[in-house]
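Novice: Pasting in a structure now, in structure tokens, and then I'll have a few things to ask.
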Amino acid sequence: MAFRLEKEKTTSTPFVLIDEEKKYMKLEGRSFNENVAEFFKEVNDWLDGYLTSNFGTFTFDCAISYFNSSTTKLLLNMLLKMDSHASKEKKIVVNWLTTEDNEIMVECGEDFRDDLNNLQFNLIIK
Numbered sequence: 612m613a614f615r616l617e618k619e620k621t622t623s624t625p626f627v628l629i630d631e632e633k634k635y636m637k638l639e640g641r642s643f644n645e646n647v648a649e650f651f652k653e654v655n656d657w658l659d660g661y662l663t664s665n666f667g668t669f670t671f672d673c674a675i676s677y678f679n680s681s682t683t684k685l686l687l688n689m690l691l692k693m694d695s696h697a698s699k700e701k702k703i704v705v706n707w708l709t710t711e712d713n714e715i716m717v718e719c720g721e722d723f724r725d726d727l728n729n730l731q732f733n734l735i736i737k
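So the sequence shown is numbered by the working numbering: it starts at 612 and just counts up by one.
This is the structure we're talking about:
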């Protein structure tokens with residue numbers, strides 16, 4: 612049975628959706644929880660296992676509008692992990708979704724994109 616996780620957003624944590632059957636993950640909202648590592652533990656544990664499987668194609672939509680430095684580090688580590696597993700056989704698409712007026716998230720997306728070599732990173736500015 613395919614793994615599925617859905618966490619509703621709060622004032623300090625993002626909405627999380629992992630749908631393994633659809634080969635899809637989404638983060639949306641704000642992330643400045645004091646214990647980011649604990650909040651994302653289940654996501655990271657799943658991702659570690661999933662990236663070693665033969666998934667074919669995987670899409671990650673990241674629509675976080677604000678995050679603290681702990682979340683920045685966690686997101687970068689997740690993206691680097693995805694990048695290290697991306698290949699011709701394992702296509703990983705990251706859609707970094709932000710708005711034109713959110714300059715910090717635009718810059719962050721550009722910085723993350725510059726650190727990644729193997730996955731497809733789409734900076735989508737609305």
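Positions of the beta carbon are idealized from the N, C-alpha and C atoms, including for glycine.
1) Measuring only the C-alpha atoms, how far is Ser698 from Leu730?
2) By the three-class DSSP mapping on this structure, what secondary structure does Leu616 have?
3) According to DSSP, is Leu638 helix, strand or coil?
4) Taking Cβ positions, are Lys634 and Phe614 nearer each other than 7 Å?
5) What separation, rounded to the nearest whole angstrom, lies between the Cα atoms of Ile715 and Tyr677?
6) Near Lys618, which residues of its chain fall below 6 Å by C-beta distance, leaving aside the five closest residues on each side in sequence?
7) Would you mind stating whether Phe643 and Leu685 have Cβ atoms separated by less than 7 Å?
8) Report all residues from its chain with a CB closer than 7 Å to the CB of Leu734; omit the five preceding and five following residues, and keep chain order.
Specialist: So, from the data block:
1) Each residue's Cα considered, the two are about 8 Å apart.
2) Three-state DSSP puts Leu616 in a strand.
3) strand
4) Going by beta carbons, Lys634 and Phe614 fall outside the 7 Å limit.
5) 8 Å
6) Val627
7) no
8) Trp707, Gly720, Glu721 and Arg724
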